[in-house]
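Novice: Once you've had a glance at the structure underneath, I'll fire off some questions.
See below:
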C-alpha cells in the first residue's frame, strides 16, 4: 500500500502510516494476521479513515437455551420466551452440531460461549474436541458450571484459548464457589502449552470474589467490563452505559461484515451476541451454508441500515458501535 502499511518481521509487527498521503475520506481495506489484530487495530483507530478489517469470522455456539447461572447482566428471560415461540429444541444435539460444522468454512473461529453456559449441555466437551479434530480454531468462555472434572484436561488440550468467567463480590453471576469449582478453576488457570499459560485474562461482572481473586496469577488480567446488551437488559441500578446512535455506524468487532454470529440449538444464526430478542435471524445453519447466510436478504438489509443510517438497528444501541464520518 503506497503511503502506509505494515508487515511482520521475525514475529514483530512493523507499522508505518503516512496520513498526509492517505486522504481522510479514503476507505482502507486491511487483511490482518490474527496474531497482531488487536495491536494494529488499536493503532489505526487513531486515524480519520474508514477501515475494512479482514479478520477471522466467528460463530459463538449456544449449546442450550436456559442458563442456570442467572447472571444479572444477561437477558435470559427475553431469550427463553422468544425462542420458545419458535422452537422446542432445548439442547444442541451432537448430530446437529456435526451437520452444522459441515456448513461452516474451517477458517471460522468456533467459540463455545453463546447465550448460555456451554457446559450445561453434557455433550459440550465432545463438541469441542470434535470441532478441533475437524480443523477449526476453537476457544471457550465459561463459568465452568456443568464442566465435569474428568473433562477439564481434554477440553484444555483441545482449545486454542480459554476465558474463565469468575464469581464476583456482588453475586451478579450465580457461580457456586465450592471445593470442586476451585479445583477446576485452578486446573484451568495453571494449564500450560509449550510453557505458555493458555488463560490470558478472566472476566468478572464487577469486583471479583476475594477468594477467587487470590487464585488469579499476576500475569493474568481481570476484565470487569459490563454492558446492557444493546438495550436488551432491563432492571434498575445496572450501572452500565446505555448507547444510542442515530448516525451511520460500523462495528468494532466486525466492521459491517457481520461475521461475529450466534448459533442457537435449532440451527438459527443470529446477528451477534446482543440479539437476545432474536430480532435478526440471518438463516439456519442446519439447512444452508454459512457463506449463503451471510449474504442473505436480512444480513444485507442490516448492513445497509448501518452504513446509510436509513433505519435504526440493534447495532445503534451497542457499546461496540463506531460512528462513521463523524
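In my numbering, the protein residues as written are 59 to 384.
A virtual CB, placed ideally from N, CA and C, is assigned to each residue, including glycine.
Only a predicted model underlies this, so the values are computations on that prediction, with no experimental measurement involved.
(1) Quick check on this structure: which residue in 267, 340, 192 and 161 has the alpha carbon closest to the alpha carbon of residue 230?
(2) Does residue 116 come out as helix, strand or coil in the three-state DSSP assignment?
(3) What's the gap between the Cα of residue 305 and the Cα of residue 314?
(4) Between 285, 355 and 363, which has its C-alpha nearest residue 377's C-alpha?
(5) At the level of alpha carbons, what is the spacing between residue 334 and residue 237?
(6) Can you round the beta-carbon distance between residue 195 and residue 167 to whole angstroms, since I take them to be within the 8 angstroms contact cut?
(7) For residue 243, which residues in the same chain have their Cβ closer than 8 angstroms to its Cβ, ignoring the five residues on either side in sequence?
(8) Mind checking whether residue 197 and residue 226 have CB atoms under 8 angstroms apart?
(9) Please classify residue 179 as buried or exposed, where buried requires at least 16 neighbouring CB atoms within 10 angstroms.
(10) DSSP on residue 132, reduced to helix/strand/coil?
(11) Whose CA, out of 156, 176, 374 and 353, lies closest to the CA of residue 204?
(12) Does DSSP put residue 245 in a helix, in a strand, or in coil?
(13) From which residue to which residue does the beta strand (DSSP E) around residue 339 run?
(14) In three-state DSSP terms, what is residue 208?
(15) Are the beta-carbon atoms belonging to residue 329 and residue 372 less than 8 angstroms from one another?
(16) Can you look up residue 194 in the DSSP assignment and give me helix, strand or coil?
Specialist: Looking at the atomic coordinates:
(1) 267
(2) strand
(3) 14 angstroms
(4) 285
(5) 33 angstroms
(6) 5 angstroms
(7) 202, 222, 224, 270 and 273
(8) no
(9) buried
(10) coil
(11) 176
(12) helix
(13) 339-342
(14) helix
(15) yes
(16) coil
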